[in-house]
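Chemist:
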Amino acid sequence: MDPSGTQQSPGTTVLVVDDVAASRYAMGAVLQRAGHRVVPVASGGEALIELDVRLRDGTLPDVALVDVGLPDMSGFELCRRVRAQPPMAALPVVHFSAAATAPGDRCRGLDAGGDAYLTVPAEPLEIQAVVRAAVRGARRTTGAETAVHRLTLLAEAVITVQAARCPRELATAAADGTARLTASPAVVFVIGPDGEPYRGTARGRAAGADGDAHQAAARLVTRLAEGRTGVHTTVVPAPLWPAGVFRAGVEEDARLTVATAQDGRTTVCLATPARSTATGDPADDGLRARLAQATVLAAEPLLMYQVERHVALTLQRSFLPRPHKLPHLRGVDIVVRYVPASEQAEIGGDFYAALRTRDGVLTAVGDVVGHSLDAATVMVEIRHALRAYCVDESDPVVLATRLDRMLQAYHPDITATVCLTLLDPGTGRVRIANAGHIPPLILRDGGGAAYADACGPLLGLGLGRPPATECRLRRTDRLLMITDGLIETRGIPLTTSMEQLRTAAAGAPAGLDGLCDVLLGCFGRDREDDIAMLALRLG
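Each residue of the sequence shown is one higher than the one before, counting from 982 in my numbering.
1) Tell me whether the segment 1384-1404 and the segment 1412-1426 touch, counting them as touching only if at least three CB pairs, one residue from each stretch, are closer than 8 Å.
2) Could you check how far apart the C-beta atoms of Ala1202 and Thr1247 are, in whole angstroms? I think they sit under 8 Å.
3) Ignore the nearest five residues each way along the sequence and tell me which others in Val1111's own chain have a CB closer than 7 Å to its CB.
4) Check each candidate in Thr994, Phe1170, Pro1042 and Ala1242 and name the one with the smallest Cα separation from Thr967.
5) Nearest to Leu1310 by alpha carbon, out of Ala1145, Glu1233, Gly1341 and Ala1430?
6) So, helix, strand or coil for Ala1224, using DSSP?
7) For a quick check, are the C-beta atoms of Pro1321 and Asp1465 less than 7 Å apart?
8) For Pro1105, name the three-state secondary structure that DSSP assigns.
9) Spell out the partners DSSP gives Arg1459 in its beta bridges.
10) Hey, Arg1364 and Ala1334 are a contact pair by Cβ (cut 8 Å); roughly how many whole angstroms apart?
11) Does the distance from the C-beta atom of Thr1398 to that of Leu1439 stay below 7 Å?
12) Measure the C-alpha to C-alpha separation of His1195 and Val1168 and round it to an integer number of angstroms.
13) Taking 7 Å as the cut-off, decide whether the C-beta atoms of Tyr1179 and Ala1152 are in contact.
14) The alpha helix (DSSP H) with Asp1394 in it runs from where to where?
15) Am I right that Thr1253 and Thr1159 are in contact with their C-beta atoms under 8 Å? What's the rounded C-beta distance?
16) Can you name the residues that DSSP bridges to Tyr1006?
17) Just verifying my parser: in three-state terms, what is the DSSP assignment at Ser1478?
18) Which same chain residues, not among the five before or five after Trp1222, have their C-beta less than 6 Å away from its C-beta?
19) Can you tell which of Gly1050, Ala1028 and Asp1053 has its C-alpha closest to the C-alpha of Val1044?
20) In the DSSP assignment, find the beta strand (DSSP E) that holds Ala1240 and state where it starts and stops.
21) Who are the Cβ neighbours of Ala1279 in its own chain at under 8 Å, not counting the five residues just before and after it?
22) Just mark Pro1052 as buried or exposed, buried being the case when its beta carbon has 16 or more other beta carbons within 10 Å.
23) Could you name the residues of the same chain whose beta carbon sits closer than 6 Å to that of Thr1338, not counting the 5 residues immediately before and after it, in chain order?
24) Can Val1346 and Met1462 be called in contact, C-beta distance under 7 Å?
25) CB-CB under 6 Å to Gly1520, same chain, minus the five flanking residues each way: which ones, in chain order?
26) Within 10 Å of its beta-carbon, does Gln1325 have 16 or more other beta-carbons around it, so buried, or fewer, so exposed?
27) Could you have a look at Ile1172 and say whether DSSP puts it in helix, strand or coil?
28) In chain order, what are the residue ranges of uninterrupted beta strand (DSSP E) at least 3 long that sit wholly in the segment 1027-1076?
29) When we look at the beta-carbon of Asp1494 and count the other beta-carbons within 10 Å, is it buried (16 or more) or exposed?
30) List the endpoints of the continuous alpha helix (DSSP H) containing Asp1498.
31) How big is the Cα-Cα spacing for Ala1079 and His1017?
32) Does the separation of the CB atoms of Ala1070 and Arg1064 fall below 7 Å?
33) Counting only the same chain and skipping the five closest in sequence on each side, list residues whose C-beta sits under 6 Å from that of Pro1420.
34) So what's Leu1278 in DSSP terms, helix, strand or just coil?
35) Can you look up Ala1167 in the DSSP assignment and give me helix, strand or coil?
36) Any idea if Glu1137 is buried or exposed, counting beta-carbon neighbours within 10 angstroms, 16 or more meaning buried?
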């Protein structure tokens, strides 16, 4: 206690800026007797250098006492320069002067950003009280600003988490938010009902690359969450927490915030290195808990979608014949490709078919409008219906009409696009019926490429069908059929994308495999829709 009975602030560092050595000594002695650390400097320039060094070291003083009459700049100017640097803007500044003080001088000090004004010589108790008040006010302001800043970081993290498109992206977004909230490395695990962990690490923060360590950590998180719901925070000591999760090769304690959904099927864990204190900051734990809750709420629909996406993809792959299992169709060489949408996008109803009929080879490429399991299911029905109709019918226009009626009868709310071609291998004659789909691209020997002039309404609308479009393939020609997932790009007209495809196909190497591979390399990366592709030529 000091004589006034007021508790001191132990460890407070005071920068004293005074060009008079005797005054610096006297002011320093008063402050040191009160338990403060004193950093004396003789000019404004020295003060700025000292502050810059301490800023880099993370040891800024708690308050600065600045004489207004310095030799290189006024104390008011020094204060303005300090306030102009954001990292030091919160440093409290107390001006003092041994000269007679007019009200205007005090106003200038406050206008320059100062927190108080002392006239010296002053009583030691007054100097100590002014220093305490300046530090106390700065800490209150800094604390409030820090709380607002951290709430802003939390809000930004929650928005990013809610915008995630897949569990892995969700885990990364939550890890980034946790790292910003805690100013430390962060790893987040999202664990669904099947027990598969999705891991995210904070970008720009040191994090171990040890896959085995992360798998072990995920197993530990799963055990900690068993039989629990809600949010809880715990510290796992280093011997139990796998080394290398946060920093490669480093063994350290981990602070875990684990949130489990009410049904116990989904768990989220925010993991950071534990601080030296055993209990942690309650405010910090509260912010982490809110972020963990937001993450687990966002995880549940994403994980449900992942299951549905997997079912839809399995359904499509099981009913679309693999390239090596295509039926042998005499007189025709056929190559197919199927590429599912990127992990962040929904599976659609894209399909292809190559069937033998009594009048030649029927090929089809189509797309059910819509995405996910419903579209994939209708796709399977269309393929089966087409195979059944081909038993006694090969006219592509008739087949398109029958598929149209089937959709109207059994799926009145669904439409689909399809392009059907009937090729006579003996003559090269091709008849095309197009239902709202991208028409076939015919590549002629010598590098020319053009779309067939074939169009017609979508399936499912019950509209009349135009006559088939006819053309003829020579032995050296190739015919390419695709779904729009290969080239459709948001913000770019489809006609522009089709022209880009035509140009790329015209310059592709000879052969069917080379053509498909080149086009997938040019257009098929990380698409938001499935891609089905069929290329053929006379054998």
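Virtual Cβ for every residue (Gly too), placed ideally from N, Cα, C.
Modeler: To lay it out plainly:
1) Counting Cβ pairs under 8 Å, three or more are found: they touch.
2) Indexing the sequence shown from 1 puts residue 1202 at position 221. Indexing the sequence shown from 1 puts residue 1247 at position 266. This sequence places Val at residue 1202; Ala is not what is there. Not confirmed; about 12 Å, so no contact.
3) Translated into positions along the sequence shown, residue 1111 becomes position 130. Excluding sequence positions up to five before and after Val1111, its CB lies within less than 7 Å of the CB of Val1075, Ala1097 and Leu1099, all in the same chain and listed in chain order.
4) This structure cannot speak to residue 967, because the chain is shown only from 982 to 1520.
5) Position 329 of the sequence shown, counted from the first residue, corresponds to residue 1310. Checking every option, the nearest Cα to that of Leu1310 belongs to Gly1341.
6) Along the sequence shown, one-based indexing puts residue 1224 at 243. Looking at Ala1224 - three-state DSSP - the assignment turns out to be coil, as it is neither helix nor strand.
7) Looking up residue 1321 in the sequence shown gives position 340. Looking up residue 1465 in the sequence shown gives position 484. In this structure, Asp1465 does not lie closer than 7 Å to Pro1321 by Cβ.
8) Reading the sequence shown from its first residue, position 124 is the one you call residue 1105. Of the three classes helix, strand and coil, the one that applies to Pro1105 here is helix, per DSSP.
9) Counted from its first residue, the sequence shown places residue 1459 at position 478. The secondary-structure analysis by DSSP pairs Arg1459 across a beta bridge with Leu1424.
10) Working through the sequence shown from its first residue, we reach residue 1364 at position 383. Working through the sequence shown from its first residue, we reach residue 1334 at position 353. Contact flag correct, Cβ pair sits at about 6 Å.
11) The residue you call residue 1398 lines up with position 417 of the sequence shown. The residue you call residue 1439 lines up with position 458 of the sequence shown. Annotated as proximal: Thr1398 and Leu1439, with beta-carbon spacing under 7 Å.
12) In the sequence shown, counting from the first residue as 1, residue 1195 sits at position 214. In the sequence shown, counting from the first residue as 1, residue 1168 sits at position 187. C-alpha of His1195 to C-alpha of Val1168: approximately 9 Å in a straight line.
13) Numbered from its first residue, the sequence shown carries residue 1179 at position 198. Numbered from its first residue, the sequence shown carries residue 1152 at position 171. In contact: Tyr1179 and Ala1152 (Cβ atoms closer than 7 Å).
14) Along the sequence shown, one-based indexing puts residue 1394 at 413. Neither: Asp1394 is in no alpha helix (DSSP H) and is coded neither H nor E.
15) Within the sequence shown, residue 1253 is the residue found at index 272, counting from 1. Within the sequence shown, residue 1159 is the residue found at index 178, counting from 1. Between Thr1253 and Thr1159 the beta-carbon gap is near 6 Å, inside 8 Å, which marks them as a contact.
16) Indexing the sequence shown from 1 puts residue 1006 at position 25. Paired residues: none, contrary to the question.
17) Looking up residue 1478 in the sequence shown gives position 497. In this structure, Ser1478 counts as helix in the three-state DSSP scheme.
18) Start at 1 with the first residue of the sequence shown, and residue 1222 comes out as number 241. The beta carbon of Trp1222 sits closer than 6 Å to those of Ala1235, all from its chain and outside the five residues before and after it, given in chain order.
19) By 1-based counting over the sequence shown, the position of residue 1044 is 63. In terms of Cα proximity to Val1044, the closest of Gly1050, Ala1028 and Asp1053 is Ala1028.
20) Indexing the sequence shown from 1 puts residue 1240 at position 259. Start and end: Ala1235 to Thr1241.
21) Translated into positions along the sequence shown, residue 1279 becomes position 298. Val1142, Gln1143, Ala1145 and Leu1151, listed in sequence order.
22) Locating residue 1052 in the sequence shown gives position 71, where the first residue counts as 1. When all chains shown are included, Pro1052 counts as exposed.
23) Residue numbering aside, residue 1338 sits at position 357 when the sequence shown is read from its first letter. For Thr1338, where only same-chain residues beyond five positions count, the Cβ hits under 6 Å are Cys1371 and Ser1375.
24) The residue labelled residue 1346 in the question sits at position 365 within the sequence shown. The residue labelled residue 1462 in the question sits at position 481 within the sequence shown. Yes, the Cβ-Cβ distance between Val1346 and Met1462 is below 7 Å.
25) In the sequence shown, counting from the first residue as 1, residue 1520 sits at position 539. So the list reads Gly1312, Val1313 and Asp1314, once near-sequence residues are dropped.
26) Locating residue 1325 in the sequence shown gives position 344, where the first residue counts as 1. In this prediction, Gln1325 has a pLDDT of 45, which is less than 50 and means its spatial position is unreliable; nothing more can be read from the coordinates.
27) Position 191 of the sequence shown, counting from 1, holds the residue named residue 1172. Here DSSP, grouped into helix, strand and coil, assigns Ile1172 to strand.
28) If you keep only unbroken beta strand (DSSP E) runs of at least 3 residues inside the segment 1027-1076, you get 1044-1048.
29) Looking up residue 1494 in the sequence shown gives position 513. Around the C-beta of Asp1494, fewer than 16 other C-beta atoms lie within 10 Å, and the residue is accordingly described as exposed.
30) The residue given as residue 1498 occupies position 517 in the sequence shown. From DSSP, the alpha helix (DSSP H) with Asp1498 extends over Leu1493 to Phe1504.
31) Within the sequence shown, the letter at position 98 stands for residue 1079. Within the sequence shown, the letter at position 36 stands for residue 1017. Looking at the backbone, the Cα of Ala1079 and that of His1017 are separated by about 22 Å.
32) Position 89 of the sequence shown, counted from the start, is the residue given in the question as residue 1070. Position 83 of the sequence shown, counted from the start, is the residue given in the question as residue 1064. With contacts defined by Cβ atoms closer than 7 Å, Ala1070 and Arg1064 form a contacting pair.
33) Taking the sequence shown and counting its residues from 1, the one referred to as residue 1420 is at position 439. Taking C-beta separations shorter than 6 Å and ignoring five residues to either side along the sequence, the partners of Pro1420 in its chain run Tyr1432, Ala1433 and Ala1435, following chain order.
34) The residue labelled residue 1278 in the question sits at position 297 within the sequence shown. Helix.
35) Here residue 1167 refers to the residue found at position 186 of the sequence shown. DSSP places Ala1167 outside both helix and strand once states are collapsed to three, so it counts as coil.
36) Residue mapping note: residue 1137 aligns to position 156 of the sequence shown, counting from 1. With fewer than 16 Cβ atoms within 10 Å of its Cβ, Glu1137 is classed as exposed.
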